Amino acid sequence: MEEVIRSLLEPITEELGVEIIKITLGSGRNQLLRVMIDQKGGVDSDILARVSRGLALQLDAEDLIPNAYRLEVSSPGLDYAFETTADFERYSGEWVKAFFVDGRTVEGRNLGPLESGDAFTLQVEGKRPSDTQEEVISLNEVTKVVRAINWKEVSRSRK
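Counting from 1, position 116 in the sequence shown corresponds to residue 135 in our numbering; the numbering is continuous, with no gaps.
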């Protein structure tokens, strides 16, 4: 069913220049259809509303979901764990936090995935700008990677 919904949704998202991140349809009488979309730089509430209205019209016209359903269209928050190479590409240049299998956490600027798709490059700041270094991190080494806020950058911009 998610693939059929995706086929209805793709023309809408392509027109608006956004990517479909995830589609999930719950079960039961009052099913919840969750659609997650995003684009580089984020999506605003107008885009979310337009996607929601467009998809609702398509679903009603096709009568795909026989019972009542609720539609939730959202964008990923900071706690959304990267799942695909496309996530690393979409958030290239953004500050991220990597949680390692051994319990460590490291923050830095995501420089994007390697061509192989099994690793990404993280630019880690040192105490001084000259201490900044790039680390290639294998996806096997991390439990999850999420976007984060670079508080040093925020405090520097306030001065």
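From the three backbone atoms N, C-alpha and C, an ideal C-beta is built for every residue, glycine too.
Given the structure is predicted, the values throughout are model-derived calculations rather than measurements.
DSSP places residue 105 in the helix class (H, G or I) of the three-state scheme. Nearest to residue 51 by C-alpha distance, out of 64, 75, 30, is 75. Counting only runs of 3 or more residues that sit fully inside the segment 99–160, the beta strand (DSSP E) segments are 114–119, 124–132, 138–143, 152–157, in chain order. Here the segment 75–94 lies against the segment 52–62, with 3 or more beta-carbon pairs under 8 Å apart. For residue 139, the CB contacts under 8 Å within the same chain, skipping 5 residues up- and downstream, are 107, 129, 130, 131, 132, 133, 155, 156, 158, 164 in chain order.
Within the model, the alpha-carbon separation for residue 37 versus residue 161 is close to 28 Å. Nearest Cα to residue 28 within the set 101, 67, 46: 67.
For residue 79, the enclosing alpha helix (DSSP H) begins and ends at 64–81. A distance below 6 Å between beta-carbons, with the five flanking residues on each side excluded, links residue 126 to the following residues of its chain, in chain order: 116, 167. The three-state secondary structure of residue 25, taken from DSSP, is helix.
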